[in-house]
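Peer 1: Under UniProt numbering, think of the first position of the sequence shown as 1, with each following residue one higher.
Built from N, CA and C at the ideal position, the CB exists for glycine as well.
Predicted, not measured: the structure shown is a model, and the values here were computed from it.
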Amino acid sequence: MIKMYTTSWCPDCVAAKRALSSKGISFEEINIEQDAGAAEYVMSVNGGKRSVPTLVSGDVAQSLSGFRPQKLDAFLAAAGL
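1. Between which two residues does the alpha helix (DSSP H) containing Ala-61 stretch?
2. Per DSSP, what are the beta-bridge partners of Ile-30 in this structure?
3. What residues in its chain sit with their C-beta under 6 Å from that of Leu-20, if we drop five residues either side in the sequence?
4. Relative to the C-alpha of Pro-69, which residue among Met-1, Ala-16, Met-4, Val-45 is closest?
5. Measuring alpha carbon to alpha carbon, tell me which residue in Ile-2, Ala-79, Thr-7 is nearest Gln-34.
6. Quick one: does Lys-49 have its CB under 8 Å from some CB of chain C?
7. At 3 residues or longer, what runs of the beta strand (DSSP E) sit wholly inside the region 35–81?
8. State yes or no: is the C-beta of Leu-55 within less than 8 Å of the C-beta of Met-4?
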């Protein structure tokens with residue numbers, strides 16, 4: 001399952017959630033404003049930046065900040081989904 005790290009104020013997060021839902025792909029949403037460990041993890045996979053949304057599936061982690069459908073498709077392909 002995909003984990004999506006988000007914040008409450010992030011329009012790119014809303015777009016990514018909508019796109020995954022329209023593809024029928026389920027995900028677990030983790031708000032980094034409410035989970036300090038999640039915020040640290042996001043920074044560890046994004047070069048020290050709190051970049052959201054960050055999607056994770058298995059060993060594949062990718063920020064979709066500046067959301068574009070092509071970024072989501074590239075993540076899904078890399079994750080084998």
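Peer 2: Considering the structure as presented:
1. Looking at the DSSP string, Ala-61 is not in any alpha helix (DSSP H); the run it does join, the beta strand (DSSP E), is 60–63.
2. DSSP output for Ile-30 lists Tyr-5 as bridge partner(s).
3. Closer than 6 Å at the Cβ level, and outside the excluded window around Leu-20, lie Phe-27.
4. Comparing Cα-Cα distances from Pro-69 to each of Met-1, Ala-16, Met-4, Val-45, the minimum goes to Ala-16.
5. Among Ile-2, Ala-79, Thr-7, the Cα nearest to that of Gln-34 is on Thr-7.
6. Structure shown: chain C not included; a single protein chain is present.
7. DSSP assignment within the region 35–81 yields the following whole beta strand (DSSP E) runs of 3 residues or more, N-terminal first: 54–57, 60–63.
8. Result yes, Cβ atoms of Leu-55 and Met-4 sit closer than 8 Å.
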